[in-house]
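J.: Here you go, one structure.
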Amino acid sequence: MANGQWYPPEWPERIRALAEGTLTPVVPRRAATVMLLKDTGSGSTGSRPEDTGSRPAVHMLRRRASMAFAGGAYAYPGGGVDPRDDDHHVRWAGPTRAWWASRLGVDETAAQAIVCAAVRETYEEAGVLLAGPAADTVVGDTTGDDWETDRAALVARDLSFAEFLDRRGLVLRSDLLGAWTRWITPEFEPRRYDTFFFVAVLPEGQRTRNASTEADRTVWIRPSEAIDGYDRGDLLMMPPTIATLRQLGAYGSAAEALAAAPGRDMTPVLARARLVDGELVLSWPGHDEFTKHIPTGGASA
Numbered sequence: 096m097a098n099g100q101w102y103p104p105e106w107p108e109r110i111r112a113l114a115e116g117t118l119t120p121v122v123p124r125r126a127a128t129v130m131l132l133k134d135t136g137s138g139s140t141g142s143r144p145e146d147t148g149s150r151p152a153v154h155m156l157r158r159r160a161s162m163a164f165a166g167g168a169y170a171y172p173g174g175g176v177d178p179r180d181d182d183h184h185v186r187w188a189g190p191t192r193a194w195w196a197s198r199l200g201v202d203e204t205a206a207q208a209i210v211c212a213a214v215r216e217t218y219e220e221a222g223v224l225l226a227g228p229a230a231d232t233v234v235g236d237t238t239g240d241d242w243e244t245d246r247a248a249l250v251a252r253d254l255s256f257a258e259f260l261d262r263r264g265l266v267l268r269s270d271l272l273g274a275w276t277r278w279i280t281p282e283f284e285p286r287r288y289d290t291f292f293f294v295a296v297l298p299e300g301q302r303t304r305n306a307s308t309e310a311d312r313t314v315w316i317r318p319s320e321a322i323d324g325y326d327r328g329d330l331l332m333m334p335p336t337i338a339t340l341r342q343l344g345a346y347g348s349a350a351e352a353l354a355a356a357p358g359r360d361m362t363p364v365l366a367r368a369r370l371v372d373g374e375l376v377l378s379w380p381g382h383d384e385f386t387k388h389i390p391t392g393g394a395s396a
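Numbering of the sequence shown is given in the working numbering, commencing with residue 96 and proceeding in unit increments.
Set out below in structure tokens:
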């Protein structure tokens, strides 16, 4: 493998089964993930010219090697929608649910659930909370035993996100999120997600930590550095992760990236597997770098 593209060994067999009609695709579960950004100081930390000066860094975590899905791969905080994320009691600030429904291409109930999942998962896995006492404020510190008790209860699903916000008198700040892209796990995968990627800026006064049981490492890294690690084969990533890193590399600040989000195309990216001239071809529309040619006899090329 010339780079760090995550490629499970069972894919060729499952792709052939899908092409032959013997594999029934699993219905994808809705999920949300957040590319949390912060500005870095001046100076160069990488080998590329764009690494000079103030460039944003993104918070990433490395999934434990024991994880059934993408073990060992670098990703962003995120996870599946909790059925209670569409609770109508969620206290809300920023663009309306109707606006988010239009932006995400779903109904209003699903839109709230997806946005809530993005904010909740960021808190559960990184300890960062995009909420505040009022529509124009954000909490400045989420450390302490009482916060950790609530976070653990959220993770265990003993506490819904709506109950958590209400208990603390907080309002979800949907205006602190920007919808960036949407990827759907290929039809041949046994675990499928319809994942909405968001971008957000680390709130002042808050700091990230590895609060996830699914990760063995977290890091703040400039997109260009992460891309270099992937290209060398040192950092393992799934296609949507490296694709979004390449997109983020164009922005000079965290705020600039967030401001660009409303103009992003949210058409879902879904891999296609087809038989061409005796070999299986796996491709992601609009992302030619991830195309794989798989001989019908077995190994990937």
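Here a beta-carbon is modelled for each residue, glycine too, at the ideal position from N, C-alpha and C.
Between Gln-199 and Phe-291, which are expected to be in contact by the criterion C-beta below 8 Å, what is the C-beta distance as a whole number of angstroms?
T.: For the record, residue 199 in the displayed sequence is Leu; it is not Gln. Indeed they touch by this definition, with Cβ atoms about 6 Å apart.
J.: Taking all protein chains shown into account, decide if Pro-281 is buried (16 or more other Cβ within 10 angstroms of its Cβ) or exposed.
T.: Classification for Pro-281: buried.
J.: Take Arg-403 and list the residues in its own chain whose beta-carbon comes closer than 6 Å to its own, dropping the five residues that flank it on each side.
T.: Residue numbering for the chain in the displayed model covers 96 to 396; residue 403 lies beyond these limits and cannot be assessed.
J.: Check whether the region 202 to 216 touches the region 168 to 177, counting contact only when three or more Cβ pairs, one atom from each stretch, lie closer than 8 Å.
T.: Yes: at least three Cβ pairs fall under 8 Å.
J.: Using 8 Å as the threshold, is the C-beta distance between Asp-180 and Arg-124 below it?
T.: Not in contact: Asp-180 and Arg-124 (Cβ atoms no closer than 8 Å).
J.: Assign Glu-282 to one of three DSSP states: helix, strand, or coil.
T.: Coil, per DSSP.
J.: So, for Ala-352: in the same chain, excluding its five sequence neighbours on each side, which residues have a beta-carbon less than 7 Å away from its beta-carbon?
T.: Cβ neighbours of Ala-352 beyond the five flanking positions: Leu-132, Pro-151, Val-294, Leu-343 and Tyr-346.
J.: Which of helix, strand or coil does DSSP assign to Gln-301?
T.: Coil at Gln-301, not helix or strand.
J.: If you follow the beta strand (DSSP E) that Tyr-288 is in, where does it begin and where does it stop?
T.: Start and end: 288 to 296.
J.: Give the secondary structure of Pro-190 by DSSP, where H, G and I count as helix, E and B as strand, and everything else as coil.
T.: Here Pro-190 sits in coil by DSSP.
J.: How about Arg-367 and Ala-274: are their beta carbons less than 8 Å apart?
T.: No, they are not a contact pair.
J.: Considering only C-alpha positions, which residue in the set Met-332, Arg-109 and Leu-249 is nearest to Thr-119?
T.: Thr-119 has its Cα closest to that of Arg-109, out of Met-332, Arg-109 and Leu-249.
J.: Take the Cβ of Trp-106 as the centre, count every other Cβ of all protein chains shown within 10 Å, and call the residue buried at 16 or more, exposed below.
T.: Buried.
J.: Cβ-heavy atom distance between Arg-157 and the ligand FAD below 7 Å?
T.: In the structure shown, the ligand FAD is absent, as is every other ligand, since no ligand is present at all.
J.: Using the three-state DSSP reduction, which class does Trp-315 fall into: helix, strand or coil?
T.: Here Trp-315 sits in strand by DSSP.
J.: The beta strand (DSSP E) that contains Arg-369, what's its start and end?
T.: It spans 367 to 371 - the beta strand (DSSP E) in which Arg-369 sits, taken as one unbroken run.
J.: Considering Leu-260, what are the terminal residues of the beta strand (DSSP E) in which it resides?
T.: Here Leu-260 belongs to no beta strand (DSSP E); instead the alpha helix (DSSP H) covers 256 to 263.
J.: Would you grab the beta carbon distance between Arg-304 and Gly-222 for me? Rounded to a whole angstrom, and I think it's under 8 Å.
T.: Arg-304 to Gly-222, Cβ: 5 Å. Contact.
J.: So, using beta-carbon positions, are Ala-188 and Leu-267 closer together than 8 Å?
T.: Yes, Cβ-Cβ distance for Ala-188 and Leu-267 is below 8 Å.
J.: What does DSSP give as the partner residues of Pro-390 in its beta bridges?
T.: DSSP, once it has assigned bridges, lists Glu-374 as partnering Pro-390.
J.: At what residues does the beta strand (DSSP E) containing Thr-128 begin and finish?
T.: Residues 124 to 134.
J.: Quick one: using the 10 Å Cβ neighbour count with 16 as the cut-off for buried, is Trp-379 buried or exposed?
T.: Flag for Trp-379 reads buried.
J.: In whole angstroms, what is the alpha-carbon distance linking Leu-265 and Ile-209?
T.: Between Leu-265 and Ile-209, the C-alpha separation is close to 18 Å.
J.: Counting along the chain, where does the beta strand (DSSP E) carrying Pro-107 start and finish?
T.: Unbroken run through Pro-107 is the alpha helix (DSSP H), 106 to 115; no beta strand (DSSP E).
J.: If I follow the unbroken beta strand (DSSP E) through Arg-157, where does it start and stop?
T.: Residues 151 to 158.
J.: Helix, strand or coil for Leu-272 per DSSP?
T.: In this structure, Leu-272 counts as strand in the three-state DSSP scheme.
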